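Undergrad:
Protein chains: 2
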Amino acid sequence: MKPLLDYLKQQNMSLFTDFYELTMCAAYFDSQKFEPATFDLFIRRLPENRSFFLITGLEDALHYLQSITFTEEHIVYLKKQGFKEDFLNYLRNFKFTGEVWAMPEGTVAFPNEPLIRVSAPIIEAQLVETFLLNTVNLQTMIATKAARVVDAAQGKPVIEFGLRREPGIDGGVKVARSSYIAGCQGTSNVLAGMVYDIPVFGTMAHSFIMSYPKEIDAFRAFVKTFPDKSTLLIDTYDEVAGVQKAVLIAKELEKNGVRLSGVRLDSGDLAQISKKTRKLLDAHGLSFVKIFASGDLDEYAISELLQKNAPIDSFGVGTKMGTSADRPFLDGVYKLCETQTVAGDFLATMKLSEGKNTLPGRKQVYRQTDFDGTLKKDIIALSDEVVEGTPLLVKVIDKGELVYDLPSVKQIRENAKENLLKLPKPLRQLVGTHVYPVELSQKLQDLIKKVKTRLTNTEINQNSC
Amino acid sequence: MKPLLDYLKQQNMSLFTDFYELTMCAAYFDSQKFEPATFDLFIRRLPENRSFFLITGLEDALHYLQSITFTEEHIVYLKKQGFKEDFLNYLRNFKFTGEVWAMPEGTVAFPNEPLIRVSAPIIEAQLVETFLLNTVNLQTMIATKAARVVDAAQGKPVIEFGLRREPGIDGGVKVARSSYIAGCQGTSNVLAGMVYDIPVFGTMAHSFIMSYPKEIDAFRAFVKTFPDKSTLLIDTYDEVAGVQKAVLIAKELEKNGVRLSGVRLDSGDLAQISKKTRKLLDAHGLSFVKIFASGDLDEYAISELLQKNAPIDSFGVGTKMGTSADRPFLDGVYKLCETQTVAGDFLATMKLSEGKNTLPGRKQVYRQTDFDGTLKKDIIALSDEVVEGTPLLVKVIDKGELVYDLPSVKQIRENAKENLLKLPKPLRQLVGTHVYPVELSQKLQDLIKKVKTRLTNTEINQNSC
Numbered sequence: 013m014k015p016l017l018d019y020l021k022q023q024n025m026s027l028f029t030d031f032y033e034l035t036m037c038a039a040y041f042d043s044q045k046f047e048p049a050t051f052d053l054f055i056r057r058l059p060e061n062r063s064f065f066l067i068t069g070l071e072d073a074l075h076y077l078q079s080i081t082f083t084e085e086h087i088v089y090l091k092k093q094g095f096k097e098d099f100l101n102y103l104r105n106f107k108f109t110g111e112v113w114a115m116p117e118g119t120v121a122f123p124n125e126p127l128i129r130v131s132a133p134i135i136e137a138q139l140v141e142t143f144l145l146n147t148v149n150l151q152t153m154i155a156t157k158a159a160r161v162v163d164a165a166q167g168k169p170v171i172e173f174g175l176r177r178e179p180g181i182d183g184g185v186k187v188a189r190s191s192y193i194a195g196c197q198g199t200s201n202v203l204a205g206m207v208y209d210i211p212v213f214g215t216m217a218h219s220f221i222m223s224y225p226k227e228i229d230a231f232r233a234f235v236k237t238f239p240d241k242s243t244l245l246i247d248t249y250d251e252v253a254g255v256q257k258a259v260l261i262a263k264e265l266e267k268n269g270v271r272l273s274g275v276r277l278d279s280g281d282l283a284q285i286s287k288k289t290r291k292l293l294d295a296h297g298l299s300f301v302k303i304f305a306s307g308d309l310d311e312y313a314i315s316e317l318l319q320k321n322a323p324i325d326s327f328g329v330g331t332k333m334g335t336s337a338d339r340p341f342l343d344g345v346y347k348l349c350e351t352q353t354v355a356g357d358f359l360a361t362m363k364l365s366e367g368k369n370t371l372p373g374r375k376q377v378y379r380q381t382d383f384d385g386t387l388k389k390d391i392i393a394l395s396d397e398v399v400e401g402t403p404l405l406v407k408v409i410d411k412g413e414l415v416y417d418l419p420s421v422k423q424i425r426e427n428a429k430e431n432l433l434k435l436p437k438p439l440r441q442l443v444g445t446h447v448y449p450v451e452l453s454q455k456l457q458d459l460i461k462k463v464k465t466r467l468t469n470t471e472i473n474q475n476s477c
Numbered sequence: 013m014k015p016l017l018d019y020l021k022q023q024n025m026s027l028f029t030d031f032y033e034l035t036m037c038a039a040y041f042d043s044q045k046f047e048p049a050t051f052d053l054f055i056r057r058l059p060e061n062r063s064f065f066l067i068t069g070l071e072d073a074l075h076y077l078q079s080i081t082f083t084e085e086h087i088v089y090l091k092k093q094g095f096k097e098d099f100l101n102y103l104r105n106f107k108f109t110g111e112v113w114a115m116p117e118g119t120v121a122f123p124n125e126p127l128i129r130v131s132a133p134i135i136e137a138q139l140v141e142t143f144l145l146n147t148v149n150l151q152t153m154i155a156t157k158a159a160r161v162v163d164a165a166q167g168k169p170v171i172e173f174g175l176r177r178e179p180g181i182d183g184g185v186k187v188a189r190s191s192y193i194a195g196c197q198g199t200s201n202v203l204a205g206m207v208y209d210i211p212v213f214g215t216m217a218h219s220f221i222m223s224y225p226k227e228i229d230a231f232r233a234f235v236k237t238f239p240d241k242s243t244l245l246i247d248t249y250d251e252v253a254g255v256q257k258a259v260l261i262a263k264e265l266e267k268n269g270v271r272l273s274g275v276r277l278d279s280g281d282l283a284q285i286s287k288k289t290r291k292l293l294d295a296h297g298l299s300f301v302k303i304f305a306s307g308d309l310d311e312y313a314i315s316e317l318l319q320k321n322a323p324i325d326s327f328g329v330g331t332k333m334g335t336s337a338d339r340p341f342l343d344g345v346y347k348l349c350e351t352q353t354v355a356g357d358f359l360a361t362m363k364l365s366e367g368k369n370t371l372p373g374r375k376q377v378y379r380q381t382d383f384d385g386t387l388k389k390d391i392i393a394l395s396d397e398v399v400e401g402t403p404l405l406v407k408v409i410d411k412g413e414l415v416y417d418l419p420s421v422k423q424i425r426e427n428a429k430e431n432l433l434k435l436p437k438p439l440r441q442l443v444g445t446h447v448y449p450v451e452l453s454q455k456l457q458d459l460i461k462k463v464k465t466r467l468t469n470t471e472i473n474q475n476s477c
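Line by line, the protein sequences give chains R and B.
Read in order, the letters of the first sequence are residues 13 to 477 in this note's numbering.
Read in order, the letters of the second sequence are residues 13 to 477 in this note's numbering.
1. Can you pull the chain B residues whose beta carbon is under 9 Å from the beta carbon of Ser453/R, in chain order?
2. Does Val275/B have its Cβ less than 8 Å from a Cβ in chain R?
3. Do you know offhand how far Thr370/R's Cα is from Tyr249/B's?
4. Is it right to say Thr199/B is buried, meaning 16 or more other beta carbons lie within 10 angstroms of its own, or is it exposed?
5. Cutting at 8 Å between CB atoms, please list the residues of its own chain near Ser299/R, excluding the five before and the five after it.
6. Which of the three DSSP states, helix, strand or coil, is assigned to Leu74/B?
7. If you draw a straight line from the alpha carbon of Val502/R to that of Lys455/B, how long is it in whole angstroms?
8. Is there a Cβ of chain B sitting closer than 8 Å to that of Asn475/R, yes or no?
9. Classify Ala204/R as buried or exposed, calling it buried when 16 or more other Cβ atoms lie within 10 Å of its own Cβ.
10. Run down chain R in chain order and give the residues with a C-beta less than 7 Å from the C-beta of Leu150/B.
11. Taking 6 Å as the limit between beta carbons, can you name the residues of its chain near Val270/B, skipping five residues before and five after?
12. Quick one, which residues of the region 129 to 158 of chain B are near chain R if we go by CB-CB under 8 Å, in chain order?
13. Between the Cα of Asn105/B and those of Lys429/B, Phe82/B, His75/B and Leu387/B, spot the shortest distance and give me the residue it belongs to.
14. If we cut at 8 Å on Cβ distances, does Arg176/B have a partner in chain R?
15. Would you verify that the beta carbon of Asn201/B is, or is not, closer than 8 Å to some beta carbon of chain R?
16. Look up Val255/B in the DSSP assignment and give the residues it is bridged to.
17. Looking only at its chain, what residues have a beta carbon closer than 8 Å to the beta carbon of Ala38/R, apart from the 5 residues adjacent to it on each side?
18. Is there at least one Cβ from chain B nearer than 8 Å to Gln284/R's Cβ?
19. What does DSSP give as the partner residue(s) for Asn201/R in the beta ladder?
20. What distance in whole Å lies between the Cβ atoms of Met333/B and Glu172/B, which are believed to be in contact at a cut-off of 8 Å?
21. Could you have a look at Thr468/B and say whether DSSP puts it in helix, strand or coil?
22. Of all the CB atoms in chain B, is at least one closer than 8 Å to the CB of Ala262/R?
23. Label Leu433/B either buried or exposed according to how many other C-beta atoms from any shown protein chain fall within 10 Å of its C-beta, with 16 as the threshold for buried.
24. May I ask you to list, following chain order, the residues of the region 385 to 414 of chain B that have a beta carbon less than 8 Å from some beta carbon of chain R?
25. Can you name, in chain order, every residue of its own chain whose Cβ lies under 8 Å from the Cβ of Thr478/B, other than the five neighbours on each side?
26. Let me know if Arg129/B comes out buried or exposed under the rule of 16 or more other beta-carbons within 10 Å of its beta-carbon.
27. Quick check: is the beta carbon of Pro15/B nearer than 8 Å to any beta carbon in chain R?
28. Can you name, in chain order, every residue of its own chain whose Cβ lies under 6 Å from the Cβ of Ser63/B, other than the five neighbours on each side?
29. Does the CB of Lys186/B have a neighbour CB from chain R at under 8 Å?
30. By the criterion of Cβ-Cβ separation under 9 Å, what are the contact partners of Ser365/B in chain R?
31. Please report the straight-line C-alpha distance between Gln4/B and Leu342/B, rounded to a whole angstrom.
32. Report, in whole angstroms, the separation of the C-beta atoms of Asp247/B and Asp281/B, which I expect to be a contact under 8 Å.
33. Checking 8 Å against the spacing of the C-beta atoms, do Arg425/R and Tyr192/R come in under that value?
34. Considering only residues of the region 89 to 148 of chain R, which uninterrupted alpha helix (DSSP H) runs meet the minimum length of 4 residues and lie entirely inside it, listed in chain order?
Here's what the structure looks like:
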């Protein structure tokens with residue numbers, strides 16, 4: 013098991029980076045540029061039909077920052093790519109020595125708010141860009157999507173079921189983790205269950221039914237092994253015939269004092285079939301047998317089923333949640349906001365590119381709430397300002413060392429639940445985007461003007477170079 | 013490095029499975045059901061705007077099948093999940109002993125064609141479902157998408173650039189591999205470069221520019237380190253001012269007999285800006301300086317840019333290719349098609365569920381081509397039929413042992429290139445779906461009728477149980 017666990021702890025992920033991080037670092041090195049710089053990781057905009065982000069991914073980011081080292085195998089490979097010996101020697105001794113502030117996992121956040129702020133000698137701060145983005149983009153995207161699915165289910169349990177179509181090994185495990193944090197009851201993913209202590213669930217596949225001479229033989233075989241926790245998949249051949257056989261099984265179990273847990277529907281018109289199924293079960297005194305539904309579900313489909321009063325007790329949600337299918341990426345970026353001159357002065361900076369400009373300076377996010385805890389507004393301010401509200405970024409790494417107690421996945425899930433409850437209702441609508449107020453402090457606004465003027469003068473006006 | 017490489021070779025992925033695979037296996041075990049069964053892995057339907065699949069993922073599937081073992085850590089965890097001691101003992105000695113036929117990576121294929129066919133004692137064949145689907149779904153989805161992007165670029169190089177928004181660690185590495193197989197020139201992903209021997213590329217980020225007091229200082233620092241292979245990012249502040257500075261740099265380099273490689277555009281109206289940039293470069297005698305463009309590109313955007321005669325020499329394509337953003341999943345499934353009775357007779361089977369039925373029996377796919385090699389039609393037939401055409405499924409595992417020489421990624425890329433060239437032109441259109449003829453042999457059609465009748469009689473008619 014060790015190799016996988018090591019991997020999940022992000023050992024040896026030093027080369028999981030875009031090549032340009034390394035070419036830039038080599039150029040910084042040649043210029044002997046070791047001054048500290050600060051980068052913000054933030055998400056530019058909300059996807060359609062989203063009004064907030066549920067932040068996850070910090071644990072992996074921290075494991076990664078704690079464990080970057082370049083092995084001789086890495087060095088040999090990089091040498092072949094043309095890097096020079098003195099830079100490779102620098103990498104041989106590489107260790108992340110910076111300071112990191114971040115929003116804890118399970119925080120709700122909004123566009124342009126720094127989620128992670130990294131201050132370190134620029135080579136170190138630059139090098140870690142790709143990994144941090146990769147991990148926060150994926151995990152936050154899934155947590156945000158899953159929170160919507162859980163909302164749509166109105167308290168009925170949702171199980172994450174999408175491993176077969178989730179993107180790869182790491183992706184599959186992280187989808188399970190983020191979905192659970194967002195409020196799912198558990199996952200079908202056994203590995204994620206073991207690694208993150210997430211409840212695992214499963215029923216049976218159509219193949220199980222088909223492998224027996226008759227459907228009822230398959231049902232009997234399954235309940236023999238799991239008498240008190242069987243959910244019978246009834247739609248392999250015909251769902252009405254299937255539920256009739258489930259009734260027979262339930263009656264056989266009852267004779268032994270055992271109750272059939274449930275039946276599962278996985279195809280066809282789930283609203284209509286679930287009603288037929290409920291009726292048949294109830295007519296045989298089996299009102300305790302639960303109906304579990306799956307098959308192409310997402311927040312929109314679940315919402316529609318519940319509007320039609322489909323008597324479904326819980327949902328298995330796969331592909332569309334596990335890939336965030338309606339919007340399979342987030343616009344997370346990692347941008348330089350402050351450098352230091354050789355003389356030691358801090359110098360705020362920003363991008364002016366069309367549609368892609370950024371916020372200068374080292375920043376903090378303050379959150380103001382109503383008397384009942386409901387979120388009122390956020391203020392992005394400079395980190396040394398005094399602003400009303402709760403600061404959202406906490407120090408997680410100091411001088412390269414972890415100074416933050418990593419919460420368990422269950423604690424993060426509790427944290428997320430509390431934070432989601434504090435969101436104003438309109439932000440949790442499934443359709444449309446409600447804009448939550450995120451203001452910039454006066455000092456930050458002043459800084460933006462100042463930096464813009466400076467950069468326009470040095471970089472754009474004709475006499476600049 | 014070992015843990016990651018071990019991981020990439022899919023060691024210890026035994027628990028990377030849906031829980032129901034294990035509950036079904038436990039029930040099979042309790043029924044002492046060890047007869048062989050055959051499953052087909054296939055994709056139900058083409059996503060919008062696709063007319064073929066480019067198959068990848070077999071290497072990981074084979075590594076996985078070769079390496080499934082349950083460690084004591086797995087067993088302890090499964091015991092906690094309620095599995096009984098005799099089944100756990102069975103797992104302790106688990107080894108995949110079956111026979112596998114598959115289409116080599118780089119094959120083009122169509123809906124309902126078996127891509128991988130697994131015959132093994134049913135517990136073994138069932139258990140491997142989730143991993144096989146996960147790996148083939150992701151990798152084939154990306155290869156199929158990337159083939160479209162490469163087509164759209166009409167011979168201009170495409171570099172896969174999306175690591176920061178690709179789904180996780182395994183996902184990011186596999187996207188690089190599949191994109192390269194599909195015809196991309198390389199990747200920004202250094203780890204994928206090292207593991208799979210894929211060319212790596214990179215330029216510089218806006219942060220690099222911003223970290224220097226002036227843009228031109230950043231350019232000078234970079235070309236100092238990489239004089240003969242610098243691509244300068246010119247749009248951090250203003251692209252016209254940026255290209256003017258790139259001209260200055262190119263002139264400085266020329267004095268030392270070195271040519272600037274290129275400039276990079278990453279925002280704004282790429283068609284318009286690339287024309288301005290080309291004009292400015294040419295006006296200064298710098299026609300050898302290439303223009304590299306990136307920023308929100310996919311096959312549709314590239315096609316539009318080339319229609320507008322944008323003078324772009326190569327493309328960096330990220331998020332939308334690396335997540336197959338217009339359709340971020342494939343409908344790959346793994347279905348039982350044949351079982352064996354206790355008496356030893358083979359029994360073909362199929363699903364009858366609405367919209368989800370399957371093809372019974374052990375099958376082979378035959379491909380017929382025109383005199384010039386162009387694909388004419390495919391025939392799905394029973395594996396023991398004699399049918400005109402080239403059989404696409406080859407035996408890759410026999411009695412649990414690999415009997416197939418794994419090609420290098422470069423060989424797979426060559427194979428893919430050849431196969432893509434043989435596709436009828438309409439199948440490579442970017443918009444719309446062209447249906448390629450896939451027929452069922454007469455014997456397979458007869459078998460379908462027979463199995464349908466048998467299952468309808470036993471399972472659906474009232475007197476069935």
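We treat Cβ as the ideally placed atom computed from N, Cα and C, and that holds for glycine.
None of the values given here were measured: they were computed from a predicted structure.
TA: In brief:
1. Residues of chain B whose Cβ lies closer than 9 Å to the Cβ of Ser453/R do not exist; the shortest such Cβ separation is about 22 Å.
2. The beta carbon of Val275/B sits no closer than 8 Å to any beta carbon of chain R.
3. Rounded to whole angstroms, the separation of the alpha carbons of Tyr249/B and Thr370/R is 11 Å.
4. With 16 or more other Cβ atoms within 10 Å, it is buried.
5. Non-local beta-carbon contacts of Ser299/R in its own chain, meaning distances under 8 Å to residues more than five positions away in sequence, involve Leu293 in chain order.
6. Leu74/B falls in the helix class under three-state DSSP.
7. Chain R is shown only over 13 to 477; residue 502/R falls outside these bounds and no answer can be derived.
8. Bear in mind that the predicted position of Asn475/R carries a pLDDT of just 47, short of 50, making it unreliable; the figure below should be weighed with that in mind. No - not a single Cβ of chain B is within 8 Å of the one on Asn475/R.
9. Flag for Ala204/R reads buried.
10. Correct list: Pro179 and Gly180.
11. Around Val270/B: Pro239 and Asp240.
12. Flagged, chain order: Ile134, Gln138, Glu141, Thr142, Leu145, Asn146, Thr147, Asn149 and Leu150.
13. It is Phe82/B.
14. Chain R, which has a Cβ nearer than 8 Å to the Cβ of Arg176/B, makes this yes.
15. At a cut-off of 8 Å, the C-beta of Asn201/B has a neighbouring C-beta in chain R.
16. In the DSSP assignment, Val255/B is bridged to no other residue.
17. If you ignore the 5 residues before and after Ala38/R, its C-beta comes within less than 8 Å of the C-beta of Phe95, Lys96 and Phe99, all in its own chain and listed in chain order.
18. Using a Cβ-Cβ cut-off of 8 Å, Gln284/R does not count as an interface residue toward chain B, since no Cβ of chain B sits closer than that to its own.
19. As DSSP reads the structure, Asn201/R sits in a beta bridge with Asp30/B.
20. Contact check for Glu172/B and Met333/B: beta-carbon distance about 7 Å, within the 8 Å limit, so the pair qualifies.
21. Shown here, Thr468/B sits in a helix according to DSSP, grouped into three states.
22. Taking 8 Å as the CB threshold, Ala262/R stays off the interface with chain B.
23. With fewer than 16 Cβ atoms within 10 Å of its Cβ, Leu433/B is classed as exposed.
24. Those residues of the region 385 to 414 of chain B that come within reach of chain R (Cβ to Cβ, closer than 8 Å) do not exist; the list is empty.
25. Limits of chain B in this structure are 13 at one end and 477 at the other, which puts residue 478/B out of reach.
26. By the neighbour-count rule (16 or more Cβ atoms within 10 Å), Arg129/B is buried.
27. Because Pro15/B carries a pLDDT of 37, less than 50, the predicted location of this residue cannot be relied on, and the following value inherits that uncertainty. At least one C-beta of chain R is nearer than 8 Å to the C-beta of Pro15/B.
28. Closer than 6 Å at Cβ, skipping near neighbours: Leu439, Thr445 and His446.
29. It does; some Cβ of chain R falls within 8 Å.
30. By Cβ distance, chain R contributes His218, Asp247, Thr248, Tyr249, Asp250, Glu251, Asp278, Ser279 and Gly280.
31. An answer regarding residue 4/B cannot be provided, because it is not within the stretch 13 to 477 covered by chain B.
32. Contact between Asp247/B and Asp281/B is absent: CB atoms are separated by about 11 Å, not below the 8 Å threshold.
33. Cβ atoms of Arg425/R and Tyr192/R: closer than 8 Å.
34. Correct list: 97 to 104 and 134 to 139.
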